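> Using UniProt numbering, you'd call the opening residue of the sequence shown number 1 and step up by one each time.
The beta-carbon is built from N, C-alpha and C at its ideal position, and this holds for glycine as well.
This one's a predicted model, so the numbers in the text were calculated from it and none came from an experiment.
Please see the structure below; I have some questions.
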Amino acid sequence: MSNVAEYTVSALSSSIKQALEGKFGRVRVRGEITDLRQFSSGHAYLSLKDEQAKIAAVVWRGNVAKLGMELREGQEVIATGRISTYGERSTYQLIIDRMEYAGEGALLARVEVLRRQILAEGLFAEERKKPLPFLPARIAVVTSRSGAVVHDIFTTLARRFPSDVVLCPVPVQGKGAESAIAAGIRMASTLHPRPDVMIVARGGGSLEDLMAFNDEAVVRAIAEAPMPVISAIGHETDTTLADYAADRRAPTPTAAAEMAVPQRSAVAASLAQQGARLVTAWDRGRQDRQLRLQNAARQLPDLPTLLNTLRMKLDDRAHRLDLTMPQQLAQARHSLAAAARALPTFARLLHPQKQRLEALGAAMNQAMARHCYAKRLDLSQNVLSPALLVARVKSQKALLTALGRNLEAFSPFALRDKGYVLVRDAEGRPVTRSAQLPLHAEVSLDFMDGTRRALLDPE
């Protein structure tokens, strides 16, 4: 009998599993992801390979979300997990619970973390992008002093449209390149006069060579630049965080110079075309205005005819005025005469005052009579004093004098004695208005020194 131990298939598979897990425990494996398959269950199956071997691996659903990275074919990673076997197929595999980038992948991971941070701050937003000026007078170039990049930029600018170009030389890779590039960008922003546009450029290279343009200080310096920034970093397929922060991205340094300035010949052709269009538009507008002026002139009436028409209207209005003026005057005289006849005469105006004075005189006489009667009674009863009698007589005399003055104030003869003339008609009635008398009427004029007769003149 053989001394070799006998196993069942299940026992041997279990023993192998225990041996592998006991021997290795947790391991870190570096390799490139291949054969990636992700199922609807959430589990991810893949293989890690290098130049000589390949090992199967699995990431259970619960650990896929915890990896903190997106699984992609061709990524170089460092996976951490434990070795286990799958007995039904007699295979072994790596059960992965942690994973991180390796080599360029690690660099890309750092760039991705910074990109997300700056993206959240809004520094990559499209609304922050500044438009490029059509024809910049001054251009700042931030790049290495040596190399083909600066030559291509300066040559292209001189060929397309010569401008004032200022070079801000900086190292574009190596230790300290990040701070030097950021300082060069800020120095270009402080130049006087300030450049209208800035070009940040370098030639192609590996990811490590371009890492200076993925630095946070460089990205923020570009975002804070007061003028538009054109980035031309690496080859067309290379993309850095500086490209996201720039206002425009050019695939090559030559393309950046072409973006910065227009082609001089194209500008000259455009100006010539615009000038020709302007002249054509001016001529068309002048002809249109001249045509409208001629149409308006044709619609205007003939000036002599217009003046003759106005003269005829004026003559007609003057004739009608000559006809209506005497009639209007006659009507006015008739209305004035009617109003004069309706007015009371001077005698009628004085009659109430005269009656009032007569009534006052009668009342005064009655009062004097009563007073005299009372005095006589007093004299008959008492001894009448001569002085009292004289005083009473003086008082009554003064009263009569005042009443006489009031009566004379209302008399027309008082006005006549002051130099005025009293006009009377043939019947001796006072005349106050000319409309009271007919034409050629005879009147009497009472002056202060006599009366004269007169005949009224029709004029």
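#1: Where does residue 15 land, buried or exposed, given buried means 16+ other C-beta within 10 angstroms?
#2: Using C-beta distances below 6 Å, list every residue in its chain close to residue 231, excluding the 5 sequence neighbours before and after it, in chain order.
#3: If you check the beta carbons only, do residue 202 and residue 173 fall under 9 Å apart?
#4: Please report the residue range of the beta strand (DSSP E) in which residue 31 lies.
#5: Going by other Cβ atoms of all chains shown within 10 Å of its Cβ, with 16 needed for buried, is residue 372 buried or exposed?
#6: Determine whether the beta carbon atoms of residue 98 and residue 27 lie at a separation below 9 Å.
#7: Touch check for the region 153-160 and the region 117-135: three-plus C-beta pairs under 8 Å?
#8: Give the straight-line distance between the Cα atoms of residue 181 and residue 102, rounded to the nearest whole angstrom.
#9: Does DSSP put residue 442 in a helix, a strand or coil?
#10: Just to confirm my understanding: we take residue 342, look at its own chain, exclude 5 residues before and 5 after, and list those with CB closer than 6 Å. What are they?
#11: Using 8 Å for Cβ pairs, my map puts residue 94 next to residue 44. What's the rounded Cβ distance?
#12: So is residue 59 buried or exposed if we call it buried at 16+ other beta carbons inside 10 Å?
#13: What three-state label does DSSP hand residue 471 in the structure shown?
#14: Beta-carbon separation of residue 426 and residue 337 under 9 Å?
#15: Use the C-beta contact count for residue 287: other C-beta atoms within 10 angstroms, 16 or more gives buried, fewer gives exposed.
#16: What does a CB cutoff of less than 7 Å around residue 178 pick up in its chain, not counting 5 residues either side in sequence?
#17: So, residue 271 versus residue 238, is the Cβ gap smaller than 9 Å?
#18: Grab the span of the alpha helix (DSSP H) containing residue 62 for me, first residue to last.
#19: Along the chain, which unbroken stretches of the beta strand (DSSP E) at least 3 residues long are found entirely within the region 254-278?
#20: Go through the region 158-239 residue by residue and report every complete run of the alpha helix (DSSP H) that reaches 4 residues or more, in order.
#21: For residue 81, which beta-bridge partners are listed by DSSP?
#22: Alpha carbon to alpha carbon, how far is residue 124 from residue 142? Give it in angstroms, no decimals.
#23: Thinking C-beta only, is residue 74 closer than 9 Å to residue 54?
#24: Have a look at residue 315 and residue 327 and give me their C-alpha separation to the nearest angstrom.
#25: Kindly give me the distance between the Cβ atoms of residue 197 and residue 139, rounded to whole angstroms, as I take these residues to be in contact under 8 Å.
#26: With respect to the beta strand (DSSP E) encompassing residue 424, which residues constitute its N-terminal and C-terminal limits?
#27: What number of angstroms, rounded off, separates the C-alpha of residue 275 from the C-alpha of residue 136?
#28: Which of the three DSSP states, helix, strand or coil, is assigned to residue 427?
#29: Please work out which residues of its chain come closer than 8 Å, Cβ to Cβ, to residue 403, disregarding the five sequence neighbours upstream and downstream, and give them in chain order.
#30: Can you give me the Cβ contacts of residue 433 inside the same chain, cut-off strictly under 6 Å, excluding the 5 residues immediately before and after it?
#31: Should residue 257 and residue 152 be called a contact, given that it needs their Cβ atoms to be closer than 9 Å?
#32: One question on the structure: do residue 236 and residue 251 come within less than 9 Å of each other, judged by their Cβ atoms?
Judging by the given coordinates:
#1: exposed
#2: 200, 242, 243, 246 and 249
#3: yes
#4: 26-38
#5: exposed
#6: No.
#7: no
#8: 27 Å
#9: strand
#10: none
#11: About 12 Å separates the beta carbons of residue 94 and residue 44, which is beyond the 8 Å limit, so they are not a contact pair.
#12: Burial call: buried.
#13: The question about residue 471 has no answer here: the residues shown for the chain are numbered 1 through 459.
#14: no
#15: Classification of residue 287: exposed, given that the 10 Å Cβ count is below 16.
#16: Answer for residue 178: 212, 215, 217 and 218, listed in chain order.
#17: no
#18: Counted as a single uninterrupted DSSP element, the alpha helix (DSSP H) harbouring residue 62 occupies residues 61-64.
#19: none
#20: 177-189, 207-210 and 216-224
#21: 27 and 96
#22: For residue 142 and residue 124, the distance between alpha carbons rounds to 20 Å.
#23: no
#24: So the two alpha carbons sit approximately 19 Å from each other.
#25: 6 Å
#26: 422-424
#27: 22 Å
#28: Coil, per DSSP.
#29: 357, 360, 361 and 364
#30: 340
#31: yes
#32: yes
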